[in-house]
Amino acid sequence: MLAALGLAACAGQDRGDSVTADEESQRQAPLSVDEERVQTAAGETLAERASIPSQINVDADASFGASERILDAALSADGEWLAVTTSGAAHGAGWLKSLEEGHWYPAAFQYGGSVGLWQWSDESRYVAFILEGPAEGQTISIVDRNGLDETVKTTALPVDRCVADDDAQQTERPPYQEPLVWYDGRLLLEVESRRYLFDPAAGACQPVG
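With this note's numbering applied, the sequence shown corresponds to residues 35 to 243, in that order.
Take a look at the structure:
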């Protein structure tokens, strides 16, 4: 059962009224997303592009502009967090926003490419982003909302341990990782036609089958 929603308005300000069952249902309906804002089916604004930091902190020394437009968004099942992807002139980014605090956390980044939003895990702790760079290939990055920080490097959990043995010599071609389904807080994915179960809590990847 979904937890009761006690969300704050965009920019982290309290709404000052309780959330009704109808509002809770509307929030779990598909979101309305355009380049400037994210809204619920009822028209409540959850995020505006202008509130997203203009630079995403990749690590302690590097920041890039990647928030010129909003691409996609997904609300966690408990209604407490919003995952958003954005793009700039050349780079892609992923963000998490606490709807209670209104704070934006850097979650994913792709230099010279794009960041796509996949899914929240059922218990709303993890969210998976898909990174596509200028070269062929696709990689997955997972974010734990209980372990957020102020840089992508210290927040994101790249699924780089899930690589088929035959691909150990991967030369110049990056792997193609395809997320399949969340299962009990773990992600089932496919890498080069082989399946793995990635446990973000342990940072471990186990072959399946």
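Idealized CB from N, CA, C, for every residue including glycine.
Within the DSSP secondary-structure output, Trp152 pairs in no beta bridge.
Closest by C-alpha distance to Ala142, out of Gly77, Ala169, Thr185, Glu212, is Thr185. In this structure, the straight-line span from the alpha carbon of Ser66 to that of Arg103 is close to 14 Å.
Taking the CA atoms as reference points, Val197 sits about 6 Å from Val225. A straight line joining the alpha-carbon of Gln211 with that of Thr173 spans about 5 Å. As a beta-bridge residue in DSSP terms, Tyr139 pairs with Leu130. Assignment of Ala96 by DSSP, reduced to helix, strand and coil, places it in the coil class. Between Ala100 and Gly122, the C-beta spacing is below 7 Å.
In the DSSP assignment, Ile164 falls within the unbroken beta strand (DSSP E) covering 160-166. In the three-state scheme derived from DSSP, where H, G and I count as helix and E and B as strand, Ser85 is classed as helix. As computed with DSSP, Asp233 is found in a beta bridge with Ala238. In the three-state reduction of the DSSP assignment, Arg71 falls in the strand class.
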